[in-house]
Amino acid sequence: MTERAQYIARLTARLLNDQLSAAEKADLEQWASESLRHAGILKDISSAESIAGLLKEVYTYPVNRMEERLQAEFPGLLLGDSNGQDAGQPETGPVVHRIHFLRKWGWAAAAVLVLLCVGLFFLVINDNKKAAAPMVVQGIPPGRDGAVLTLADGRQVSLDSLENGIVALQGGAVARVQTGKLIYEARGKEVVYNTMTTPKGRQYQLTLPDGTKVWLNAASSIRFPTVFTGNERKVEITGEAYFIVEKDPGRPFLVDVRDKMEVAVLGTDFNISAYDNDEAVSATLLKGSIQVNVAGIQGQPGPLLLEPGQQVQLITETNRRSEAGLRLVRSVDTDKVIAWKNGLFNFDDAPLSAVLRQLERWYNIRVVYQPPAKEVTFKGKIYRNINLSDALKVLEIMEVNFELKGDTLYVNN
């Protein structure tokens, strides 16, 4: 962590404890005025509601590690003085021990410590990138907009840097690029099928011929007709996609998810995640309603009707960590689910393996565990537009070590 980041964290703790001097207050205000991100961070961690949420995190993080990290990263941060009473004791009574820790160090300061330890202080860490020692020799840039469009005759068109204009004329439709998006316009009835694919390190937005908008995450694909005819609108996807479906009561919109799940809607906003190496295929509803059908799962009920804020997960037999079947999650953090669409990684309660799978897709790298890394859980958000080296510096807070050789990331903790 840079010296300036330590200083700002120290000032934040003193602010929460109402101990700021006039000079320190001026320094903190100067930092907050430098960018909207800084101002937002300070606002978020200065509210009573945010502090209450942070304090809850204290009850899920080992006390000894909290104290060690505080002393290592912020020497002399607090006025409270440790008397060594708890040193070296196992955490046999978590609630009592944690309360004593909070009394010893101070509630507000403990909140700042939680910010540090679980990664909610992500955006502060990289303020002074030049002063920080580089962790990797070479930088891998973040992903960007781009995709490959495969036409019905097999021709492929790279959409990475196309200027505005017509991409293809196919029977009943015109496909054109407009401000970095691929838009289809139906102008006839002849149906052919196209596929848009995003490789690792790319994402793209598509407007289907009925007006439905689709955001395709990295390492994903969507197969669709150039014109919707008949009494339904059907597409097929792999990977992850977010849909805002144009309403058409007479023609339901169907999404075939890797031949394992089908989602039926009339007009709604939802997200589907169906990566081959993830633990489950999931459909999450943000607005409206969807009906989810699955095949080949014995003992499962009929179609599930989801309400906004709910998620259905299909756990396959290939996932040994959970029993195969269909599971309904009645309340999910939808902001976390669609963080990728909004330019963020949201790692709240995400295990190391899930975090690295996201990095693997977005930065187009290969991850190798050497030796097999222990599973740790992360907390916090970072922007997806930063270089891989900066993202890894953030993740190292959780004492995970990385070494990048070419496009291979070696991990151990």
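According to UniProt numbering, the sequence shown is numbered sequentially starting from 1. Each residue gets a CB set at the ideal place from its N, CA and C atoms; glycine is no exception. As the structure is a computational prediction, the values presented were derived from the model and not from experiment.
Assuming the contact rule is C-beta atoms closer than 8 angstroms, residue i and residue j should be a hit. Round their C-beta distance to whole Å, please.
| i | j | result |
| --- | --- | --- |
| residue 438 | R187 | The requested residue 438 is not part of the displayed model; the chain covers only 1 to 413. |
| R361 | A218 | 4 angstroms |
| V174 | E185 | 5 angstroms |
| T226 | V192 | 5 angstroms |
If you follow the beta strand (DSSP E) that residue i is part of, which residue opens it and which one closes it?
| i | result |
| --- | --- |
| S35 | Careful: S35 lies outside any beta strand (DSSP E) and carries neither H nor E. |
| L254 | F253 to V257 |
| V337 | Note, V337: premise wrong, no beta strand (DSSP E); alpha helix (DSSP H) at T334 to V337. |
| T150 | V148 to T150 |
| E185 | K181 to A186 |
| D269 | D269 to A274 |
| Q310 | Where Q310 is concerned, there is no enclosing beta strand (DSSP E), given that its DSSP letter is neither H nor E. |
| Q205 | R202 to T207 |
| Q170 | G165 to Q170 |
| F228 | Looking at the DSSP string, F228 is not in any beta strand (DSSP E), and its letter there is neither H nor E. |
| S402 | Residue identity differs from the one stated: residue 402 is Phe in this sequence, not Ser. Segment N401 to K405, the beta strand (DSSP E) holding F402. |
| G239 | R233 to I244 |
| A280 | A280 to K287 |
| A173 | A173 to Q178 |
| L328 | G325 to V329 |
| S21 | First-last for S21: undefined, no H or E at that position. |
Taking buried to mean at least 16 other C-beta atoms within 10 Å of its own C-beta, is residue i buried or exposed?
| i | result |
| --- | --- |
| W105 | Any reading at W105 must be qualified, since the residue scores a pLDDT of 47, below 50, and its modelled position is unreliable; the value itself is stated next. Under this definition W105 is a buried residue. |
| G230 | exposed |
| R330 | exposed |
| F121 | Note that F121 has pLDDT 46, beneath the 50 cutoff, so the model's placement of it is unreliable and the number below is only indicative. So F121 ends up on the buried side. |
| V368 | exposed |
| K379 | buried |
| L169 | exposed |
| K381 | buried |
| A26 | exposed |
| L359 | buried |
| L328 | exposed |
| G165 | exposed |
| D160 | exposed |
| D153 | exposed |
| D390 | buried |
Can you grab the Cα-Cα spacing for the pair residue i / residue j, in whole Å?
| i | j | result |
| --- | --- | --- |
| I140 | R384 | 12 angstroms |
| E163 | F228 | 27 angstroms |
| T268 | G302 | 21 angstroms |
| L285 | G309 | 6 angstroms |
| A350 | T195 | 31 angstroms |
| V214 | L42 | 34 angstroms |
| G119 | I397 | Residue placement at G119 cannot be trusted, given a pLDDT of 42 that sits under 50; the coordinates are not used to answer. |
| residue 417 | D210 | Shown here, the chain extends from 1 to 413; a query on residue 417 therefore has no answer. |
| E24 | Y7 | 10 angstroms |
| I338 | Q313 | 16 angstroms |
| G239 | L11 | 43 angstroms |
| S289 | Q311 | 11 angstroms |
| G146 | G343 | 15 angstroms |
| A13 | V355 | 29 angstroms |
| H38 | L15 | 15 angstroms |
| Y204 | T197 | 9 angstroms |
| S221 | L306 | 24 angstroms |
| G325 | D256 | 18 angstroms |
| G40 | S21 | 22 angstroms |
| residue 417 | L28 | The displayed coordinates of the chain run from 1 to 413. Any statement about residue 417 would go beyond what the structure contains. |
| P199 | K405 | 21 angstroms |
| G180 | L216 | 13 angstroms |
| E232 | L388 | 42 angstroms |
| D9 | E34 | Before going further, note that residue 9 is Ala rather than Asp in the sequence given. Cα-Cα distance, rounded: 16 angstroms. |
| K287 | W31 | 38 angstroms |
| D348 | P142 | 20 angstroms |
| L304 | I315 | 15 angstroms |
| T212 | I386 | 30 angstroms |
| T377 | V332 | 18 angstroms |
| V400 | R176 | 45 angstroms |
| M1 | L182 | Caution is warranted here: a pLDDT of 44 is assigned to M1, below 50, making its placement in the model unreliable, and the coordinate value is therefore given only provisionally. So the alpha carbons of these two residues sit roughly 42 angstroms apart. |
Over what stretch of residues does the alpha helix (DSSP H) that includes residue i continue unbroken?
| i | result |
| --- | --- |
| L363 | First, the amino acid is wrong: residue 363 is Tyr here, not Leu. Start and end: L352 to Y363. |
| S389 | L388 to L395 |
Do residue i and residue j have their C-beta atoms closer together than 7 angstroms?
| i | j | result |
| --- | --- | --- |
| V411 | F402 | yes |
| K234 | L206 | no |
| G201 | N346 | no |
| K260 | V281 | yes |
| T334 | R366 | no |
| R223 | E236 | yes |
| N271 | Y242 | yes |
| S158 | V167 | no |
| V294 | V265 | no |
| E375 | L392 | no |
Shorter than 7 angstroms from the beta carbon of residue i to some beta carbon of chain D?
| i | result |
| --- | --- |
| Q370 | Among the chains in the structure shown there is no chain D, since it carries only a single protein chain. |
Quick check: is any heavy atom of the ligand ZN less than 6 angstroms from the C-beta of residue i?
| i | result |
| --- | --- |
| V329 | The model depicted lacks the ligand ZN and carries no ligand whatsoever. |
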